[in-house]
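Since the structure comes first, as structure tokens, the remarks are kept for the end.
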Amino acid sequence: MCFMRRKQARGTGYTKLVEHLTRCRTTTYEDEFRSIQRLEGGLDAFVKGDAFSRNIYNWLDWIVMENRELNMCEKAKTRKYTHLSTISVKTLQKSIFSSKASCKRPS
Numbered sequence: 001m002c003f004m005r006r007k008q009a010r011g012t013g014y015t016k017l018v019e020h021l022t023r024c025r026t027t028t029y030e031d032e033f034r035s036i037q038r039l040e041g042g043l044d045a046f047v048k049g050d051a052f053s054r055n056i057y058n059w060l061d062w063i064v065m066e067n068r069e070l071n072m073c074e075k076a077k078t079r080k081y082t083h084l085s086t087i088s089v090k091t092l093q094k095s096i097f098s099s100k101a102s103c104k105r106p107s
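The UniProt record's numbering numbers the first residue of the sequence shown as 1 and each following residue consecutively.
Below you can see the structure in the form of structure tokens.
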């Protein structure tokens with residue numbers, strides 16, 4: 001992030017600002033974020049799951065975030081174009097119900 005104050009001539013757009021940032025500030029916020037993340041570590045470093053659990057999570061993440069049907073995982077086209085392992089709708093339903101039960105608040 002650059003805290004230097006610069007004046008912008010009217011009608012010039014952001015070209016000079018972008019030039020300044022690329023010339024004087026070679027690192028970007030993404031580079032800084034990555035270096036901080038490497039030093040402090042992400043949550044993935046502490047939580048390890050087996051391949052089956054990661055596969056279920058990836059399927060559920062895709063289906064829920066894209067607002068898809070559960071039977072999407074059994075469609076031939078989906079299986080053809082995904083790198084995820086095959087899974088059945090019943091397995092997804094079981095994992096949804098078990099995660100719901102574990103997330104429920106005690107009465």
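Glycine included, every Cβ here is placed at the ideal spot set by N, Cα and C.
With a threshold of 16 other beta carbon atoms within 10 Å, residue 103 falls short and is exposed. Where residue 60 is concerned, the enclosing alpha helix (DSSP H) starts and stops at 51-65.
By alpha-carbon distance to residue 59, the top candidate from 31, 83, 101 is 83. Between the beta-carbon of residue 87 and that of residue 73 there is about 5 Å, and that keeps the pair under the 8 Å contact cut.
The three-state secondary structure of residue 104, taken from DSSP, is coil. DSSP places residue 10 in the coil class of the three-state scheme, outside both helix and strand. Contact check for residue 89 against residue 71 passes: the beta carbons are separated by less than 7 Å. In this structure residue 55 is in contact with residue 85, their Cβ atoms being roughly 5 Å apart against a cut-off of 8 Å. Of the candidates 49, 76, 63, 81, the residue whose Cα lies closest to the Cα of residue 92 is 63.
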